[in-house]
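**Q**
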Amino acid sequence: AQKITQTQPGMFVQEKEAVTLDCTYDTSDQSYGLFWYKQPSSGEMIFLIYQGSYDEQNATEGRYSLNFQKARKSANLVISASQLGDSAMYFCAMRTTSGTYKYIFGTGTRLKVLA
Amino acid sequence: NAGVTQTPKFQVLKTGQSMTLQCAQDMNHEYMSWYRQDPGMGLRLIHYSVGAGITDQGEVPNGYNVSRSTTEDFPLRLLSAAPSQTSVYFCASSQGSGWEYNEQFFGPGTRLTVL
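So the sequence lines, in the order shown, correspond to chains V and D. Residues 24 to 138, numbered by my numbering, are exactly what the first sequence covers, in order. Residues 148 to 262, numbered by my numbering, are exactly what the second sequence covers, in order.
#1: Determine contact between the stretch 219 to 232 of chain D and the stretch 122 to 137 of chain V, defined as no fewer than three beta-carbon pairs at a distance below 8 Å.
#2: Going along the chain, which residues of its own chain have a beta-carbon closer than 6 Å to the beta-carbon of D:Gln251, five neighbours each way excluded?
#3: I need the straight-line Cα distance from V:Gly66 to V:Arg95, nearest angstrom please.
#4: Excluding the 5 residues preceding and the 5 following V:Gly129 in the sequence, name in chain order all residues of the same chain whose CB lies nearer than 8 Å to its CB.
#5: Sort V:Pro32, V:Gln62 and V:Lys125 by Cα distance to D:Asp203 and report the nearest one.
#6: Exposed or buried, what is D:Tyr178 when buried is set at 16 or more other beta-carbons lying within 10 Å of its beta-carbon?
#7: Any residues in the stretch 59 to 72 of chain V with a beta carbon nearer than 7 Å to a beta carbon of chain D? Which ones, in chain order?
#8: Ordered along the chain, which non-local residues of its own chain (more than five positions away) have a Cβ less than 6 Å from that of D:Val207?
#9: Kindly indicate if chain V contains any beta-carbon less than 8 Å away from that of D:Pro255.
#10: Using a Cβ-Cβ cut-off of less than 9 Å, give me the residues of the stretch 170 to 198 of chain D that come near chain V, in sequence order.
#11: With 8 Å as the threshold, decide whether the Cβ of D:Phe237 is near any Cβ in chain V.
#12: With a cut-off of 8 Å, do at least 3 Cβ pairs link the stretch 150 to 158 of chain D to the stretch 46 to 61 of chain V?
Here you go:
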């Protein structure tokens, strides 16, 4: 069965510090993609970063990086130098071959950045 | 380029009423999907389509119908609204159906309340 688990319902981080949001996934497929999305209080879904299962290097996009540990089946999002605007809900998602290319989302982590 | 558009933004229905949530994309994307978002449950897939004329069920399809007669449009029909269908509904699209880097683009969402 395909599954995404985000075990941190809510987190706090001090402004300018780094924070790691956890994501573990379960799939027996060899080919899959992992995604992170941000949902601010305004409600829109914003794509942040992608990691393919065959990518040897961790993905990075500006202040976002994905700590991909394939053997542990984890795909943690690291946000460096947190800003007040990073306060939002963050969702981890996966897309696999045997899942008929459906996206599967975790339950999300609500991040609050403190001034 | 409008991206993914959804109408209406807000809707209140009475139990038993039917209605259609509209979704359109102008990016010529193959893959389109409908999600519902409920507190603490992340995004759950209702129905999806890998191309015009092809649709399939997601995780929570009961009470919903879809069709895909054109590449651009993917309406979601509520057959007989129930209070359990009170939720925020998101439509999304992506370029292809493969597991590779295929970011989903989301619409702004429809907030539905069923009384």
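Quick reminder that beta carbons are idealized off the backbone N, C-alpha and C, glycines included.
**A** So, from the listed chains and residues:
#1: Touching, no.
#2: Locating residue 251 of chain D in the second sequence gives position 104, counting from the first residue. Around D:Gln251: Ala239 and Ser241.
#3: Translated into the one-based positions of the first sequence, residue 66 of chain V becomes position 43. Translated into the one-based positions of the first sequence, residue 95 of chain V becomes position 72. Roughly 32 Å separates the two Cα atoms.
#4: Walking along the first sequence from the start, residue 129 of chain V turns up at place 106. The answer, listed in chain order, is Ile27, Thr28, Gln29, Cys46, Phe114, Cys115 and Ala116.
#5: Position 56 of the second sequence holds residue 203 of chain D. Of V:Pro32, V:Gln62 and V:Lys125, the smallest CA-CA separation from D:Asp203 is found for V:Lys125.
#6: Here residue 178 of chain D refers to the residue found at position 31 when the second sequence is read from its first residue. So D:Tyr178 counts as buried.
#7: Going along the stretch 59 to 72 of chain V in chain order, one finds Gly66, Glu67, Met68 and Phe70 with a Cβ nearer than 7 Å to chain D.
#8: By 1-based counting over the second sequence, the position of residue 207 of chain D is 60. Result list for D:Val207: Arg191 and Ile193, in chain order.
#9: If you number the second sequence from 1, residue 255 of chain D lands on position 108. Cβ-Cβ to chain V under 8 Å: yes for D:Pro255.
#10: Tyr178, Ser180, Tyr182, Gln184, Gly187, Met188, Gly189, Leu190, Arg191, Leu192, Tyr195 and Val197
#11: For the purposes of this step, residue 237 of chain D is taken as the residue at position 90 of the second sequence. Output row for D:Phe237: interface = yes.
#12: Judged by Cβ distances under 8 Å, the stretch 150 to 158 of chain D makes no contact with the stretch 46 to 61 of chain V, as fewer than three pairs qualify.
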